[in-house]
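At position 426 of the sequence shown (counting the first as 1) the number is 615 in the working numbering, and the numbers step up by one without a gap. Here a beta-carbon is modelled for each residue, glycine too, at the ideal position from N, C-alpha and C. Accompanying notes for the structure given below.
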Amino acid sequence: MDLTALAIRHVLYPLWAAQSGSTRLRYLAELEKSQYWSREMLAERQWEQFRRMLAHAFETCPYYRAKFRAAGITPADLRSREDIDLVPTLTKEEIQEHPDEMVSSRYATRTLVRDMTGGSTGSPMQFYYEPERFESRVGAVLRHNRWAGWNIGDRAAVLWGAPQDMIAGRLRDRIRTWIQDRRLILDASELSEASMRNFATALLAYRPAVLQAYANTLGLFAQYIKAEGIDGIRPRGIVCSAEVLTTENRRLIEDTFGCRVFNRYGCREFAVIASECEAHDGMHINAENLLVEVLVDGRSRTGEDGEIVITDLRNFAMPMIRYRIRDVGRINSAACSCSRGLPLMELSGGRVTDFLRAANGSRVSGIVIATYVITGIPGIRQIQFVQDEPRAVTVRLVKGPQWLPSALEELTARTRRYLGEAMQLRIEYRERIPQEKSGKYRFSICNLA
Ligand SMILES: [Zn+2]
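Quick look at the structure:
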């Protein structure tokens with residue numbers, strides 16, 4: 190038994206939350222209850238929240254007011270759930286180009302959390318939410334973690350890309366981090382025999398209750414563990430996210446580590462969107478916080494594959510209404526055997542990244558490049574990395590209005606930090622980078638054998 194985990198869960202974390210005024214545990218408690226509400230009740234509440242958000246955006250965001258007027262609608266036109274298709278969708282380009290007009294006049298930008306997406310769907314962007322929304326986001330993540338057997342205080346190990354210039358925090362920050370988040374972070378931005386041997390050694394020593402990783406990274410690591418005959422890495426559960434989890438990878442990972450994989454769909458804009466429960470029969474949507482819809486020919490549908498659009502039901506500072514996240518999926522009408530009322534969804538396409546080869550031969554996850562190289566460089570509307578030769582990468586780039594020539598230097602320097610100084614970058618400016626027919630958007634493509 191992990192006594193430290195129990196002490197953190199039952200004493201230290203609640204104490205910290207009470208002392209700092211954090212509301213995340215209250216959100217968690219509410220979500221633990223509402224997940225068992227009936228579908229009808231959840232849908233009814235969602236619709237109420239959606240209408241409230243729409244009215245709020247119409248009243249307080251100049252951008253939305255103009256946009257709804259141009260579409261010829263006012264919040265009063267939404268009489269029933271079927272009328273939702275009247276509400277225009279929102280693209281990333283709109284957010285990239287009008288970030289300030291999208292912020293509600295009830296909020297001052299300087300009081301908000303400023304966040305940024307990476308480029309895994311090719312288009313990095315900046316957005317805001319209120320500090321309270323941060324708490325409800327964490328509350329939701331904690332709930333979804335618990336489905337995978339990951340409780341507050343549990344030792345977790347994360348195979349993640351890390352920014353190459355991460356700085357150690359102050360002691361106070363580090364203690365707080367330890368209480369909130371007892372995670373061993375293994376920098377998986379570069380995968381080689383040597384780095385994977387180090388991961389194995391670290392995991393055998395740390396004995397995490399839960400492992401979290403990008404699906405493809407973990408697939409590659411599982412192959413290594415199997416080939417080397419390493420035994421003893423035995424977490425209770427594994428959370429895979431950020432990439433499409435193939436059936437082969439799921440089987441390989443479960444077989445190698447002797448536990449179930451809990452697939453998760455999330456993104457920077459909304460934190461956890463949906464994740465698997467213990468039934469592994471699709472992913473339950475985080476429906477108290479997000480309205481997830483699937484559009485087929487512009488209409489909101491259940492049971493068919495289509496484009497996923499998401500409304501954040503709690504981000505009043507910068508409303509995101511029917512946001513086109515550029516993933517493809519379906520919402521299922523079947524009920525789950527776990528008796529949670531939260532609707533189920535599947536991802537059918539989505540973000541696909543190949544590993545790129547660094548100049549020294551090691552593999553670098555496309556998700557890492559998307560997250561740590563692209564984030565924060567202004568003016569990149571869309572981007573794609575293509576590697577045809579070991580020492581050269583072609584960067585296809587669609588410039589936005591905020592693009593500056595100096596961004597190119599920054600992009601080159603950051604890319605070389607991950608792929609090696611010897612890597613040659615060829616920049617190709619494009620008008621647009623289309624998605625593939627399947628609806629998948631490929632951020633990185635590696636054509637090397
Ligand atoms: Zn379930």
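- Shown here, Val292 sits in coil according to DSSP, grouped into three states, outside any helix or strand.
- Relative to ligand 1, Arg386 has its C-beta separated by 6 Å or more from all heavy atoms.
- The Cβ-Cβ distance between Phe316 and Met507 falls below 7 Å.
- Listed in chain order, the alpha helix (DSSP H) runs fully inside the stretch 190–271 are 192–196, 202–209, 213–223, 228–249 and 251–259, counting runs of at least 4 residues.
- Per the DSSP secondary-structure output, Cys429 pairs in a beta bridge with Ala402 and Asn452.
- One alpha carbon belongs to Ser430, the other to Asp343, and they sit about 19 Å apart.
- In its chain, beyond the 5 residues on either side, Leu243, Ala244 and Phe247 have a beta carbon closer than 6 Å to the beta carbon of Pro264.
- Around ligand 1, the residues selected by a Cβ distance under 6 Å to any of its heavy atoms are Cys466, Ala468, His473, Cys525, Cys527 and Arg529, following chain order.
- DSSP places Asp274 in the helix class (H, G or I) of the three-state scheme.
- Per DSSP, the unbroken alpha helix (DSSP H) holding Trp336 starts and ends at Pro320 to Trp336.
- Less than 7 Å separates the beta-carbon of Arg213 from that of Val327.
- By the 16-neighbour rule on beta-carbons within 10 angstroms, Asp501 is buried.
- For Asp494, the three-state secondary structure derived from DSSP is coil.
- A contact between stretches requires three or more CB pairs, one per stretch, nearer than 8 Å, and the stretch 586–596 meets this requirement with the stretch 568–576.
- Boundaries for Glu535: no alpha helix (DSSP H) harbours it, while the beta strand (DSSP E) harbouring it runs Leu533 to Leu536, taken from the DSSP string.
- Leaving aside the five residues that flank Ser325 on each side, the residues in its chain whose CB is nearer than 8 Å to its CB run, in chain order, Thr212, Arg213, Tyr216, Asn478 and Arg503.
- Cβ neighbours of Phe388 within its own chain (closer than 8 Å, five residues either side excluded): Leu348, Leu375, Ala377 and Phe410.
- When the beta-carbon positions are compared, Thr601 and Leu614 come within less than 7 Å of each other.
- Contact check for Ile520 against Thr564 fails: the beta carbons are separated by 7 Å or more.
- The beta carbons of Ala346 and Pro397 sit closer together than 7 Å.
- Non-local beta-carbon contacts of Met385 in its own chain, meaning distances under 7 Å to residues more than five positions away in sequence, involve Phe410 and Tyr413 in chain order.
- In the three-state reduction of the DSSP assignment, Ser384 falls in the helix class.
- In the DSSP assignment, Ile634 forms a beta bridge with Val575.
- Straight through space, the alpha carbons of Thr604 and Glu290 are spaced by roughly 32 Å.
- Taking a cut-off of 8 Å for Cβ pairs, the stretch 246–262 and the stretch 291–307 touch, as three or more such pairs fall below it.
- Close CB contacts of Phe323 within its chain, under the 8 Å cut and outside five residues either way in sequence, are with Val302 (chain order).
- Annotated as proximal: Ile422 and Leu392, with beta-carbon spacing under 7 Å.
- Secondary structure of Phe505 (DSSP, three-state): coil.
- The C-beta distance from Leu597 to Ile616 rounds to 7 Å, short enough to fall under 8 Å.
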